[in-house]
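Protein chains: 2
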Amino acid sequence: MVQTNKYIALQDIYKWSDRLGLKIDGVEVKKGGVFLKQGQKCDYFYYIIEGLMRIFYYDREGHEVTHWFSSQDTMITSPDSFFNGNENILNFEALEDCKLLLVTHEHLEVASKNVPGFDELYRKLIVDYTIQLSRRIMSIHTESAEYRYLQMIKHHPNIFHRTKLSHIASYLGITIQSLSRIRRKLIS
Amino acid sequence: MVQTNKYIALQDIYKWSDRLGLKIDGVEVKKGGVFLKQGQKCDYFYYIIEGLMRIFYYDREGHEVTHWFSSQDTMITSPDSFFNGNENILNFEALEDCKLLLVTHEHLEVASKNVPGFDELYRKLIVDYTIQLSRRIMSIHTESAEYRYLQMIKHHPNIFHRTKLSHIASYLGITIQSLSRIRRKLIS
DNA sequence: TCCTTTTTTTATCCTAGGGTAAAACCTACC
DNA sequence: GGTAGGTTTTACCCTAGGATAAAAAAAGGA
Numbered sequence: 012m013v014q015t016n017k018y019i020a021l022q023d024i025y026k027w028s029d030r031l032g033l034k035i036d037g038v039e040v041k042k043g044g045v046f047l048k049q050g051q052k053c054d055y056f057y058y059i060i061e062g063l064m065r066i067f068y069y070d071r072e073g074h075e076v077t078h079w080f081s082s083q084d085t086m087i088t089s090p091d092s093f094f095n096g097n098e099n100i101l102n103f104e105a106l107e108d109c110k111l112l113l114v115t116h117e118h119l120e121v122a123s124k125n126v127p128g129f130d131e132l133y134r135k136l137i138v139d140y141t142i143q144l145s146r147r148i149m150s151i152h153t154e155s156a157e158y159r160y161l162q163m164i165k166h167h168p169n170i171f172h173r174t175k176l177s178h179i180a181s182y183l184g185i186t187i188q189s190l191s192r193i194r195r196k197l198i199s
Numbered sequence: 012m013v014q015t016n017k018y019i020a021l022q023d024i025y026k027w028s029d030r031l032g033l034k035i036d037g038v039e040v041k042k043g044g045v046f047l048k049q050g051q052k053c054d055y056f057y058y059i060i061e062g063l064m065r066i067f068y069y070d071r072e073g074h075e076v077t078h079w080f081s082s083q084d085t086m087i088t089s090p091d092s093f094f095n096g097n098e099n100i101l102n103f104e105a106l107e108d109c110k111l112l113l114v115t116h117e118h119l120e121v122a123s124k125n126v127p128g129f130d131e132l133y134r135k136l137i138v139d140y141t142i143q144l145s146r147r148i149m150s151i152h153t154e155s156a157e158y159r160y161l162q163m164i165k166h167h168p169n170i171f172h173r174t175k176l177s178h179i180a181s182y183l184g185i186t187i188q189s190l191s192r193i194r195r196k197l198i199s
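Residue numbers (this note's numbering), protein chains in the order written: chain S, 12 to 199; chain G, 12 to 199.
Put into structure tokens, the structure is as follows:
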């Protein structure tokens, strides 16, 4: 799951596809739809035009664990599958009705050959994703669940308010009961 | 901190520097030396020819937290500083005598322009790092400290046996006392 | 070798968060 | 507007791992 910070803006994607004569397919997914499942190969680097999605996997006990959220104007994929062809373990679920662009390896290759500066932009997209991942590691590693919850409200209010608490708890790495306890404590 | 999986092999780095007439400086760091500190700009994408290093940061209470280990034939940097010019919060410490190559932006730009296939290789290096980071998130998120400890011995024995337990505990996200308790339990 | 310093273990007590179960609350749809 | 489904809260007890302190073991010197 890779997110842009709008370095590769929506209009750029369209621009390239026009310029290069390479049509990029779009798809709409209804709320609740799981459009990529573990075990399925991930063929696309999804660009989210509209909506919110959740990436989750199943831990060794078979529990759903929310790994990431991604919303409009970001890009997302299952790196180990899309880039390396390995078995995909992630599930992509639409938490709202979503409009997606299906960017393929071919699109990226053509853009790489023909769009000056594309490779640098593309790399920056992925580098920034590593930074986000590192921050998440540091956060889980050293901060309390309460602090992480407050940070999430502060830094990702748009995701927080569009997602149910059970997903947030799972994203934070705690049970929903613990999250509920934390919330009660914070109110009083 | 980005690690290769030897996609960009040592000999390639030398090959490029020869071919392109761009000398890559090397540096030796004695065991215990901290050659990059928080607050200092990170100007290099380090290539570790020999040795073992530890990347750590200080949490909000001022405790050292081990974020990553990196050993010979891997590359490592502080992404947020090297790529984005933001304040570096990471410290790089040599756990053994290290020989390093100091790869700069200039080297990478020249290679990008002149070495066919370099951009793809370079991107793959970073993509693979995102996969490692994701695995670490999943591991901290859902596995017990005991399981993570056993996984570390199994999958990174070379790092495990060259590092002291306090660093391992910190990497696993637990105190050294807890690690000691886990080890005792596993023996009996 | 002895002495100092660092690292690891042990022990005791404590807390954040887990597990289970039930109650309360929403929402949606018939 | 009532009933069924899903979602969140509450309450109970339990456990993994934290904090503090001290002992033991290991690693370096001189």
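We treat Cβ as the ideally placed atom computed from N, Cα and C, and that holds for glycine.
Note that the structure is a prediction, hence the values are computed from the model and not measured.
Chain G contact for residue i (CB, 7 Å cutoff)
{"i": "Ile-170 of chain S", "result": "no"}
{"i": "Asp-91 of chain S", "result": "yes"}
{"i": "His-178 of chain S", "result": "no"}
{"i": "Ile-185 of chain S", "result": "no"}
{"i": "Phe-80 of chain S", "result": "no"}
{"i": "Ile-66 of chain S", "result": "no"}
{"i": "Ile-193 of chain S", "result": "no"}
{"i": "Ile-164 of chain S", "result": "no"}
{"i": "Thr-153 of chain S", "result": "yes"}
{"i": "Val-40 of chain S", "result": "no"}
{"i": "Val-126 of chain S", "result": "no"}
{"i": "Val-76 of chain S", "result": "yes"}
{"i": "Val-138 of chain S", "result": "yes"}
CB contact check: residue i to chain S, cutoff 7 Å
{"i": "Leu-144 of chain G", "result": "yes"}
{"i": "Ile-35 of chain G", "result": "no"}
{"i": "Thr-141 of chain G", "result": "yes"}
{"i": "Val-121 of chain G", "result": "no"}
{"i": "Arg-159 of chain G", "result": "no"}
{"i": "Arg-147 of chain G", "result": "yes"}
{"i": "Arg-173 of chain G", "result": "no"}
{"i": "Arg-30 of chain G", "result": "no"}
{"i": "Asp-130 of chain G", "result": "yes"}
{"i": "Asp-84 of chain G", "result": "no"}
{"i": "Asp-70 of chain G", "result": "yes"}
Residue nearest to residue i in terms of C-alpha spacing, selected from the options
{"i": "Gly-43 of chain G", "options": "G:Asp-108, G:Tyr-133, G:Phe-129, G:Ser-123", "result": "G:Asp-108"}
{"i": "Asn-95 of chain S", "options": "S:Arg-71, S:Phe-129, S:Ile-66, S:Tyr-55", "result": "S:Tyr-55"}
{"i": "Ile-87 of chain S", "options": "S:Glu-157, S:Gly-62, S:Lys-124", "result": "S:Gly-62"}
{"i": "Leu-183 of chain S", "options": "S:His-167, S:Ala-156, S:Arg-173, S:Lys-124", "result": "S:Ala-156"}
{"i": "Ala-180 of chain S", "options": "G:His-172, G:Thr-153, G:Ile-164", "result": "G:Thr-153"}
{"i": "Glu-104 of chain S", "options": "S:Pro-90, S:Glu-75, S:Gln-188, S:Val-121", "result": "S:Glu-75"}
{"i": "Glu-120 of chain S", "options": "S:Tyr-160, S:Leu-112, S:Ile-164, S:Tyr-133", "result": "S:Tyr-133"}
{"i": "Gln-49 of chain G", "options": "G:Ser-28, G:Gln-162, G:Ile-100, G:Phe-129", "result": "G:Ile-100"}
{"i": "Thr-115 of chain G", "options": "G:Leu-31, G:Ile-198, G:Ile-35", "result": "G:Ile-35"}
{"i": "Leu-106 of chain G", "options": "G:Ile-66, G:Lys-196, G:Phe-93", "result": "G:Ile-66"}
Residue span of the beta strand (DSSP E) that contains residue i, given as start and end
{"i": "Glu-75 of chain S", "result": "75-82"}
{"i": "Asp-36 of chain G", "result": "36-40"}
{"i": "Leu-204 of chain S", "result": "Any answer about residue 204 of chain S is impossible in this case: the structure gives chain S only from 12 up to 199."}
{"i": "Val-45 of chain G", "result": "45-47"}
Endpoints, alpha helix (DSSP H) assigned at residue i
{"i": "Arg-194 of chain S", "result": "187-198"}
{"i": "Arg-65 of chain G", "result": "Not the alpha helix (DSSP H): Arg-65 of chain G falls in the beta strand (DSSP E), residues 63-69."}
{"i": "Ser-145 of chain G", "result": "129-153"}
The ligand NAD heavy atom lying under 6 Å from the CB of residue i
{"i": "Thr-174 of chain G", "result": "Absence of the ligand NAD is noted for the structure shown, with no ligands found whatsoever."}
- Task: For the region 94-123 of chain S, list the beta strand (DSSP E) runs that are entirely contained and at least 3 residues long, ordered along the chain.
- Result: Qualifying beta strand (DSSP E) stretches, in chain order: 102-105, 109-114.
- Would you list, in sequence order, the uninterrupted alpha helix (DSSP H) runs of no fewer than 4 residues that lie entirely inside the region 159-183 of chain S? 168-171, 176-183, all fully within the region 159-183 of chain S.
- Query: Any residues in the region 86-113 of chain G with a beta carbon nearer than 8 Å to a beta carbon of chain S? Which ones, in chain order?
  - Reply: Those would be Pro-90, Asp-91, Phe-94, Asn-95, in chain order.
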